[in-house]
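Novice: Supplied in structure tokens, the structure appears directly below.
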Amino acid sequence: MELHTILSGIHSPDDLKKVPAEKLPALAEEIRRTIIEVVGNNGGHLASNLGVVELTVALHRTFRSPDDAIIWDVSHQCYAHKILTGRYGAFSSLRKAGGIAGFTKKAESPHDFFDAGHSSTSISSALGLLAAWDIRRKDGHVVAVIGDGALTGGMAYEALSNAGQLGKRLIVVVNDNQMSIDLNTGAISRYLSRLTVTSAYQRFRKSVDAFVARLPLFNRVFGKFIFRFKRALKGMFFSDNLFADLGFEYTGPFDGHDERTLEQVFARVRRIRRPVIVHVVTKKGKGYSPAEDHPERFHGVGPFCISGGEVEKFDALSFTEAFSGALMALAGQRDDIACVTAAMAKGTGLDTFARHYPDRFFDVGIAEEHAVTFAGGLAAGGLLPVVCIYSTFMQRAVDQVIHDVALQKLPVILVLDRAGPVPGDGETHQGLFDIALFRPVPGLAMLCPSGAADLRHALDYAAAAGGPVVIRYPKMTCPSEQDAFDVPYSAGRGILVSASEFEPALEGALESGSSSPKILFVTTGGMYSEVRVAARGVLLRNAVADIYAVRFVKPFDEDYFLEVARKYDGLVFVEDGVRTGGLCERLAGLCAANGMERLAVKAFPEEFLPQGTRAEICARAGMAPEDLTAAALSLVPGRGA
Numbered sequence: 334m335e336l337h338t339i340l341s342g343i344h345s346p347d348d349l350k351k352v353p354a355e356k357l358p359a360l361a362e363e364i365r366r367t368i369i370e371v372v373g374n375n376g377g378h379l380a381s382n383l384g385v386v387e388l389t390v391a392l393h394r395t396f397r398s399p400d401d402a403i404i405w406d407v408s409h410q411c412y413a414h415k416i417l418t419g420r421y422g423a424f425s426s427l428r429k430a431g432g433i434a435g436f437t438k439k440a441e442s443p444h445d446f447f448d449a450g451h452s453s454t455s456i457s458s459a460l461g462l463l464a465a466w467d468i469r470r471k472d473g474h475v476v477a478v479i480g481d482g483a484l485t486g487g488m489a490y491e492a493l494s495n496a497g498q499l500g501k502r503l504i505v506v507v508n509d510n511q512m513s514i515d516l517n518t519g520a521i522s523r524y525l526s527r528l529t530v531t532s533a534y535q536r537f538r539k540s541v542d543a544f545v546a547r548l549p550l551f552n553r554v555f556g557k558f559i560f561r562f563k564r565a566l567k568g569m570f571f572s573d574n575l576f577a578d579l580g581f582e583y584t585g586p587f588d589g590h591d592e593r594t595l596e597q598v599f600a601r602v603r604r605i606r607r608p609v610i611v612h613v614v615t616k617k618g619k620g621y622s623p624a625e626d627h628p629e630r631f632h633g634v635g636p637f638c639i640s641g642g643e644v645e646k647f648d649a650l651s652f653t654e655a656f657s658g659a660l661m662a663l664a665g666q667r668d669d670i671a672c673v674t675a676a677m678a679k680g681t682g683l684d685t686f687a688r689h690y691p692d693r694f695f696d697v698g699i700a701e702e703h704a705v706t707f708a709g710g711l712a713a714g715g716l717l718p719v720v721c722i723y724s725t726f727m728q729r730a731v732d733q734v735i736h737d738v739a740l741q742k743l744p745v746i747l748v749l750d751r752a753g754p755v756p757g758d759g760e761t762h763q764g765l766f767d768i769a770l771f772r773p774v775p776g777l778a779m780l781c782p783s784g785a786a787d788l789r790h791a792l793d794y795a796a797a798a799g800g801p802v803v804i805r806y807p808k809m810t811c812p813s814e815q816d817a818f819d820v821p822y823s824a825g826r827g828i829l830v831s832a833s834e835f836e837p838a839l840e841g842a843l844e845s846g847s848s849s850p851k852i853l854f855v856t857t858g859g860m861y862s863e864v865r866v867a868a869r870g871v872l873l874r875n876a877v878a879d880i881y882a883v884r885f886v887k888p889f890d891e892d893y894f895l896e897v898a899r900k901y902d903g904l905v906f907v908e909d910g911v912r913t914g915g916l917c918e919r920l921a922g923l924c925a926a927n928g929m930e931r932l933a934v935k936a937f938p939e940e941f942l943p944q945g946t947r948a949e950i951c952a953r954a955g956m957a958p959e960d961l962t963a964a965a966l967s968l969v970p971g972r973g974a
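Residue numbers (our numbering): 334 to 974.
What follows is the structure, given as structure tokens:
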């Protein structure tokens, strides 16, 4: 990483405070160059981080972190914060295994107060922290930085309501950039846009504040009068203010790239003894024209060419792209398909559907709970809704899936992208819990396709099911197609893929006759690629290894499966979810109860797994292909490692 002259001397916020004001624009440029360089090499969240550089500098120059707490909502905009709090030297390791996390992480620095990767949590966390500090008589300010996109999440309003009720000196910075992952939608986005036009009032208020600040005695004695006077003035310029009605002092909007003004604002806000909203307007991708022009493309991005902004592309078809194609084929046959997403149309592959069928596409903002229950309403009204949300974010809507969809027996298709191990984003984004969370729900089917053709058949099955169905698949490219999967789904039954189909050359090298041991890998679809490599490893050790892709986590045809399983000398169960509460332990118990003894279960451990590549995450969890091969060979006498 290129050495930057100002940044190289900043090891803490105290060092930042010593930087002369005239050098701050150059510092902001150095921060942006650092972020662009590292994200270009490693991937990460680019546009959101470029948009908050001046805001981050102003916060750390005004407040005293970690004696004051700065809480970043989602925290995918915390790169400048990390650079300025002693992590510049390690920043080149961003998102790499053993390196700097892409989100705030308590174990990394005392300046990171929470591990955060989901939206709309910062106000609740900050309010709780402030309440605890007050009870313990600890001095210090608490600042929650929340984007306008995160204000579409209902939890943010629950926290705002409680904060107004408690009346504590909470500072909430609303970073208004008209974006979450995709362009913001809904009434709150329009509301904030309306607030940004109140510049006449803001100029007048700023003049009053500057005058009053020069009269400290007057300010102290008549502070309450001044506050009420300004509230009255606001009523003259606009009739309502949601934040003021909730009990907050509202100030703004301010240019989020005017660092000097932001410092002045925060210095004044520090003195207010009640909840305050500071409304700042920023531009996502600021300082890098490709990201400014297309912030949605540079929200979460893989490695890219910095000079032109071209994102690295691969010819292989991803599961997300395969789903998009299958959905469009289905939508071409049925006019009752409606699609719902929570601010991630492009990330889930729904952008194509949205362009072709805009009247049946609904982006509800970052509101997963609402998305699921809204889809239940669509289903009750006669449509077939398809709800597409990342597995990690669907955790937020477990009750809605149970209460508002499954209990009602409504035909809703819940598509969980990024199920299983998720590279890069770390603990908060692993999709390892959905099987354990949703498998026990009565009447809810759960499908796990192994490739593009399998995914197409899964969607067809779900569309005809007449009840709620979950389809889950990983963030990765689809494995090469095999004929075994190009058949429709049959309730509860998986697909047997023989060794001769996926590795005919190696299968021919086995000992002649029927004496070779036979192993069956039983796997959920998200692990099919790793299992196929593992099966080749078994074949190289002169044993037969077939694969049973379960297709159905639920329902599961036990009789059919036992009929297949009895033909093998050992079974290895592989699952891209946590072992506790998963499918594989259940199947291993079923086989043991039916007299089968050579069994191995390979699933993810009950722990939060940090960032890395998919291969690194699997290796850390003991789920790499060589681990699966070793588990299989351990079941065969004389063939173990």
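Even for Gly, the Cβ is constructed at its ideal location relative to N, Cα and C.
Considering Cα atoms alone, identify which of G858, P812, T418, H612 is closest to I504.
Specialist: As a working mapping, residue 504 is identified with position 171 in the sequence shown. Ranking the options by Cα distance to I504, first place goes to H612.
Novice: Between which two residues does the beta strand (DSSP E) carrying R729 extend?
Specialist: Locating residue 729 in the sequence shown gives position 396, counting from the first residue. No beta strand (DSSP E) holds R729; DSSP gives it neither H nor E.
Novice: Thinking just about the alpha-carbon of each residue, which of P399, A898, R869 is nearest to the one in D472?
Specialist: Locating residue 472 in the sequence shown gives position 139, counting from the first residue. Ranking P399, A898, R869 by Cα distance to D472 puts P399 first.
Novice: Rounded to whole angstroms, how far is the Cβ of I416 from the Cβ of T367, which I believe are closer than 8 Å?
Specialist: In the sequence shown, residue 416 corresponds to position 83, counting from 1. In the sequence shown, residue 367 corresponds to position 34, counting from 1. Between T367 and I416 the Cβ distance is about 6 Å, and since that is below 8 Å, they are a contact.
Novice: Here's the rule I'm using: 16 or more other beta-carbon atoms within 10 Å means buried, otherwise exposed. How should I852 be labelled?
Specialist: The residue labelled residue 852 in the question sits at position 519 within the sequence shown. Here I852 is buried: its Cβ has 16 or more other Cβ atoms, across all protein chains shown, within 10 Å.
Novice: Return the chain-ordered list of same chain residues with a C-beta closer than 8 Å to the C-beta of R420, the five sequence neighbours on each side being excluded.
Specialist: By 1-based counting over the sequence shown, the position of residue 420 is 87. Hits under 8 Å: I433, E441, S442.
Novice: Give the DSSP-derived three-state secondary structure of I699 in the structure shown.
Specialist: As a position in the sequence shown, residue 699 is number 366, starting the count at 1. In this structure, I699 counts as coil in the three-state DSSP scheme.
Novice: T437: buried (16+ other C-beta within 10 angstroms of its C-beta) or exposed?
Specialist: Your numbering for residue 437 matches position 104 in the sequence shown. T437 should be labelled buried.
Novice: What is the DSSP secondary structure of E940, reduced to helix, strand or coil?
Specialist: By one-based count along the sequence shown, residue 940 stands at place 607. Here E940 sits in coil by DSSP.
Novice: Can you look up V738 in the DSSP assignment and give me helix, strand or coil?
Specialist: By one-based count along the sequence shown, residue 738 stands at place 405. Reduced to three states, the DSSP call for V738 is helix.
Novice: From the DSSP output, which residues share a beta bridge with Y495?
Specialist: Taking the first residue of the sequence shown as 1, we reach residue 495 at position 162. The displayed chain sequence assigns Asn, not Tyr, to residue 495. For N495, DSSP assigns no beta-bridge partner whatsoever.
Novice: My understanding is that K959 touches G870, with C-beta atoms under 8 Å, so please give their C-beta distance in whole angstroms.
Specialist: Here residue 959 corresponds to residue number 626 of the sequence shown, with the count starting at 1. Here residue 870 corresponds to residue number 537 of the sequence shown, with the count starting at 1. Just to set this straight, residue 959 is Glu in the shown sequence, not Lys. Right, their Cβ atoms sit about 7 Å apart.
Novice: Straight-line CA distance for L462 to L780?
Specialist: Translated into positions along the sequence shown, residue 462 becomes position 129. Translated into positions along the sequence shown, residue 780 becomes position 447. One C-alpha to the other measures close to 41 Å.
Novice: How about the stretch 444 to 462 and the stretch 471 to 488: do they share at least three Cβ pairs that are nearer than 8 Å?
Specialist: The stretch 444 to 462 is in contact with the stretch 471 to 488.
Novice: Determine the DSSP secondary structure at D879, reduced to helix, strand or coil.
Specialist: By one-based count along the sequence shown, residue 879 stands at place 546. Correct three-state label for D879: strand.
Novice: If you reduce the DSSP assignment to three classes, tell me which class A423 lands in.
Specialist: The count along the sequence shown starts at 1 and reaches residue 423 at position 90. Reduced to three states, the DSSP call for A423 is coil.
Novice: Helix, strand or coil for F694, going by three-state DSSP, please let me know.
Specialist: For the purposes of this step, residue 694 is taken as the residue at position 361 of the sequence shown. F694: strand per DSSP, three-state reduction.
Novice: Please work out which residues of its chain come closer than 7 Å, Cβ to Cβ, to Q685, disregarding the five sequence neighbours upstream and downstream, and give them in chain order.
Specialist: Translated into the one-based positions of the sequence shown, residue 685 becomes position 352. Before going on, a small fix: residue 685 reads as Thr here, not Gln. Cβ within range, chain order: S657, M661.
Novice: Tell me, please, which residues DSSP counts as bridged to C672.
Specialist: The count along the sequence shown starts at 1 and reaches residue 672 at position 339. Within the DSSP secondary-structure output, C672 pairs in a beta bridge with F694, V719.
Novice: Measuring alpha carbon to alpha carbon, tell me which residue in F587, V609, D692 is nearest L579.
Specialist: Indexing the sequence shown from 1 puts residue 579 at position 246. The candidate whose alpha carbon is nearest that of L579 is V609.
Novice: So what does D472 bridge to, in DSSP terms?
Specialist: To locate residue 472, count along the sequence shown from 1; it is residue 139. Paired residue(s): none; D472 is not in a bridge.
Novice: Can you name, in chain order, every residue of its own chain whose Cβ lies under 6 Å from the Cβ of E939, other than the five neighbours on each side?
Specialist: Sequence index remark: in the sequence shown, residue 939 carries index 606 (1-based). Cβ neighbours of E939 beyond the five flanking positions: V911, T913.
Novice: Could you tell me the distance, in whole angstroms, from the CA atom of V719 to the CA atom of A796?
Specialist: Against the sequence shown, residue 719 aligns to sequence position 386. Against the sequence shown, residue 796 aligns to sequence position 463. When rounded, the distance between both Cα atoms is 9 Å.
Novice: Measuring only the C-alpha atoms, how far is E891 from A921?
Specialist: Here residue 891 is taken as the residue at index 558 of the sequence shown, counted from 1. Here residue 921 is taken as the residue at index 588 of the sequence shown, counted from 1. Rounded to whole angstroms, E891 to A921 spans 12 Å at the Cα level.
Novice: Which term fits I699, buried or exposed, when burial requires 16 or more other beta carbons within 10 angstroms of its beta carbon?
Specialist: For the purposes of this step, residue 699 is taken as residue 366 along the sequence shown, with counting starting at 1. By the 10 Å Cβ count, I699 comes out buried.
Novice: Which class does V745 belong to by DSSP, given the choice of helix, strand or coil?
Specialist: To locate residue 745, count along the sequence shown from 1; it is residue 412. For V745, the secondary structure class from DSSP, reduced to helix, strand or coil, is coil.
Novice: Is E872 buried or exposed, if buried means 16 or more other CB atoms sit within 10 Å of its CB?
Specialist: Locating residue 872 in the sequence shown gives position 539, where the first residue counts as 1. What sits at residue 872 in the sequence shown is Leu, not Glu. By the 10 Å Cβ count, L872 comes out buried.
Novice: Do you know offhand how far S783's Cα is from R397's?
Specialist: Taking the sequence shown and counting its residues from 1, one reaches residue 783 at position 450. Taking the sequence shown and counting its residues from 1, one reaches residue 397 at position 64. Distance between the alpha carbons of S783 and R397 is about 51 Å.
Novice: Taking 7 Å as the cut-off, is the beta-carbon of E863 closer than that to any non-hydrogen atom of the ligand MG?
Specialist: What this structure holds is no ligand at all, so the ligand MG is not there to describe.
Novice: Taking the Cβ atom as the reference point for each residue, do A878 and A868 lie within a distance shorter than 8 Å?
Specialist: Reading the sequence shown from its first residue, position 545 is the one you call residue 878. Reading the sequence shown from its first residue, position 535 is the one you call residue 868. Closer than 8 Å, so yes.
Novice: In terms of DSSP beta bridges, what is E405 paired with?
Specialist: In the sequence shown, counting from the first residue as 1, residue 405 sits at position 72. According to the sequence shown, residue 405 is Trp rather than Glu. Paired residues: V478.
Novice: In chain order, what residues of the same chain have a beta carbon less than 8 Å from the beta carbon of P821, not counting five sequence neighbours either side?
Specialist: Numbered from its first residue, the sequence shown carries residue 821 at position 488. Cβ neighbours of P821 beyond the five flanking positions: H790, D793, Y794.
Novice: Just to confirm, is the Cβ distance from V738 to F771 under 8 Å?
Specialist: For the purposes of this step, residue 738 is identified with residue 405 of the sequence shown, where counting begins at 1. For the purposes of this step, residue 771 is identified with residue 438 of the sequence shown, where counting begins at 1. Contact flag unset, no.
Novice: Whole angstroms are fine: how far does the CA of P586 sit from the CA of S532?
Specialist: Within the sequence shown, numbered from 1, the residue matching residue 532 stands at position 199. Within the sequence shown, numbered from 1, the residue matching residue 586 stands at position 253. Residue placement at S532 is flagged as unreliable, the pLDDT there being 49, under the threshold of 50; the coordinate-derived value follows with that caveat. The alpha-carbon atoms of S532 and P586 are separated by roughly 8 Å.
Novice: Relative to the alpha-carbon of A952, which residue among P756, F906, G377, P801 has its alpha-carbon at the smallest distance?
Specialist: Translated into the one-based positions of the sequence shown, residue 952 becomes position 619. Closest by alpha carbon: P756.
Novice: Consult DSSP for H762 and reduce its assignment to one of helix, strand or coil.
Specialist: Here residue 762 is taken as the residue at index 429 of the sequence shown, counted from 1. Residue state, collapsed to three classes: helix.
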